[in-house]
Every structure is written in structure tokens, then in C-alpha cells.
Amino acid sequence: GNSVTQMEGPVTLSEEAFLTINCTYTATGYPSLFWYVQYPGEGLQLLLKATKADDKGSNKGFEATYRKETTSFHLEKGSVQVSDSAVYFCALAPRGYSTLTFGKGTMLLVSP
Amino acid sequence: NAGVTQTPKFQVLKTGQSMTLQCAQDMNHNSMYWYRQDPGMGLRLIYYSASEGTTDKGEVPNGYNVSRLNKREFSLRLESAAPSQTSVYFCASSEARAGQMRNEQFFGPGTRLTVL
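Top to bottom, those sequences are chains A and B. Position 28 of the first sequence, counted from 1, bears residue number 28 in this note's numbering, the numbering being contiguous throughout. Position 29 of the second sequence, counted from 1, bears residue number 1029 in this note's numbering, the numbering being contiguous throughout.
So, in C-alpha cells, the structure goes:
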């Protein structure tokens, strides 16, 4: 079946530190991959996406590269801010389906 | 545009009571979804509707029913609430058509439901 595995949190960092949140997936065929972010008390919103192998999604200083060989889509940011504190979800959309499969989420806490 | 709206924002029920969660979108999207979010479990799909007039079960459909009232509205009903249904419920919509999911899903702000 389809599944997404994310590193467990919380991830705690100081402002301006480098961020990596690992995400690996299992899926038949070549899915589309997404990162969503959820700020406290809100719904999820799309952060970035990649629809084919070697694509790099980027937004607001965050990046993730679709790696077919390692079935991974790790999220990175060079310098985090306090305002980046949120829960981050990796998700996949299998080919031929109109639904998303989410990972369990990783909480990021950034201190000044 | 309001995007995806959900009502109510908060609700407390007693075991055995029924209620309907309402969701509406103003983006003319084909597909709509209901999720529940529980600590440590991420988001799990309850039901979805790939187009007006169709609904399909997701990962955790037991204890729920849905209605795609029209293209804009997709409601979730709990016929006899149980404490295990205490959760945060999110509605989402997307341009995805049946068999295709390349575009993002837009989420509502959520309904926080407690069943005593």
C-alpha cells in the first residue's frame, strides 16, 4: 500500500539554525509529493510540491527534492525563524488517485 | 473569496447524540474531503467526493456518513457519537478529478469535537 514515514518530533532549533525534516515514502508507480504546514489553531496549507523525479519544490526558503532512488522527499531550510514554528506534514498522491496519504507530522519549535 | 469554511468551530456532544458538520467551498473545486486529526496519527481520510453526486470511503469511514449536497457543500454526519470520535475534523477541497491528484488541497480551519 501507500505510506509516508516522517521523523518524529518535536524538532527544537535555535533561530538561524539549519533545518532538515526527513520524509520517505512507499507507493506504487511515481506519486506526486507534497509538504504541508499547520500553524497553531489553523488548518493545513501547502508549502511546496514536486510531481516527478528530480523535481525540486521551493517556497518561503524551504526546499525539498523528489528522490526516486531513495524514495525520499526531505524538507530543508537554511536558516529557520521563530515564525517557522509549526507542524509539518509530508504527503503523497499516488498516480491514478485523487486522494492524499499523509505522514504523522513533525512539530518544529524554534527559539529566539 | 472565503476559501473553505466549516461550521461549527467547536462542539461538545454526549455519547449517542448525533450531529452534522458543515463544509462549503467557493473555489468551484470538483473534489472535497473530510479528515480527522488525532495526536500522533496525522491526518486520516474519512470520506471524499471526487465529483458532485459521488462519494467514496477513505481510511476510517466507520461511524460516519457524508452527503455531497451540491458542488459547493459536503457535510459529515455522526449518527451516534462515541468518545473515540473526539478529534479535530478538517474539510478540504481541490481541483483534482477522479484518478488525478497533482494540485494542492485547500483546508478549512477545522471543527474541534469532544464526545463525553
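Idealized CB from N, CA, C, for every residue including glycine.
Identify every residue that forms a DSSP beta bridge with residue i.
i	result
glycine 57 of chain A	A:Ala64
glycine 1042 of chain B	B:Asp1038
leucine 33 of chain A	A:Ala50 and A:Leu92
lysine 77 of chain A	A:Leu19 and A:Phe62
glutamine 1017 of chain B	Note: glutamine 1017 of chain B sits in no beta bridge, so no partner.
glutamate 1073 of chain B	B:Ala1024
Rounded to whole angstroms, what is the Cα-Cα separation between residue i and residue j?
i	j	result
arginine 1036 of chain B	alanine 1082 of chain B	14 Å
valine 1004 of chain B	glutamate 1052 of chain B	16 Å
aspartate 54 of chain A	tyrosine 66 of chain A	5 Å
lysine 49 of chain A	valine 4 of chain A	15 Å
tryptophan 35 of chain A	arginine 1077 of chain B	29 Å
serine 111 of chain A	alanine 17 of chain A	10 Å
glutamine 1085 of chain B	threonine 1114 of chain B	8 Å
tyrosine 1048 of chain B	methionine 1019 of chain B	19 Å
lysine 130 of chain A	serine 32 of chain A	There is simply no residue 130 of chain A to check, as chain A begins at 1 and stops at 112 in what is shown.
phenylalanine 62 of chain A	leucine 1116 of chain B	41 Å
proline 1008 of chain B	glutamine 1022 of chain B	7 Å
threonine 70 of chain A	threonine 24 of chain A	8 Å
lysine 60 of chain A	glycine 1058 of chain B	32 Å
lysine 68 of chain A	valine 37 of chain A	23 Å
glycine 1040 of chain B	glycine 105 of chain A	8 Å
arginine 1112 of chain B	threonine 1055 of chain B	23 Å
serine 83 of chain A	lysine 1071 of chain B	36 Å
glutamate 1095 of chain B	phenylalanine 1106 of chain B	10 Å
Let's test the definition: count the other Cβ atoms within 10 Å of the Cβ of residue i and tell me whether it reaches 16, buried, or not, exposed.
i	result
glutamine 1025 of chain B	buried
glutamine 1006 of chain B	buried
tyrosine 1033 of chain B	buried
glycine 103 of chain A	buried
threonine 101 of chain A	buried
tyrosine 30 of chain A	exposed
proline 94 of chain A	buried
alanine 27 of chain A	buried
alanine 91 of chain A	buried
glutamate 1104 of chain B	buried
threonine 12 of chain A	exposed
tyrosine 88 of chain A	buried
lysine 77 of chain A	buried
leucine 1069 of chain B	exposed
valine 1012 of chain B	exposed
glycine 1108 of chain B	buried
With DSSP run on the structure shown, which of helix, strand or coil describes residue i?
i	result
aspartate 1026 of chain B	coil
serine 1084 of chain B	helix
serine 83 of chain A	helix
methionine 7 of chain A	coil
glutamate 1104 of chain B	coil
tyrosine 25 of chain A	strand
asparagine 1065 of chain B	strand
glutamate 1079 of chain B	coil
lysine 1057 of chain B	strand
tyrosine 1089 of chain B	strand
leucine 1113 of chain B	strand
leucine 100 of chain A	coil
tyrosine 1033 of chain B	strand
threonine 1007 of chain B	strand
threonine 70 of chain A	coil
serine 1051 of chain B	coil
My assumption, with CB atoms under 8 Å, is that residue i sits in contact with residue j. Please give the rounded CB distance.
i	j	result
alanine 86 of chain A	phenylalanine 73 of chain A	Incorrect: roughly 18 Å between the Cβ atoms, too far for contact.
leucine 109 of chain A	proline 10 of chain A	5 Å
valine 1060 of chain B	arginine 1044 of chain B	5 Å
serine 1031 of chain B	alanine 1050 of chain B	5 Å
Review point. Of all the residues that make up the region 83–102 of chain A, which are near chain E by a beta-carbon distance shorter than 7 Å?
Key: Given the protein chain composition of this structure (A and B), no chain E is represented.
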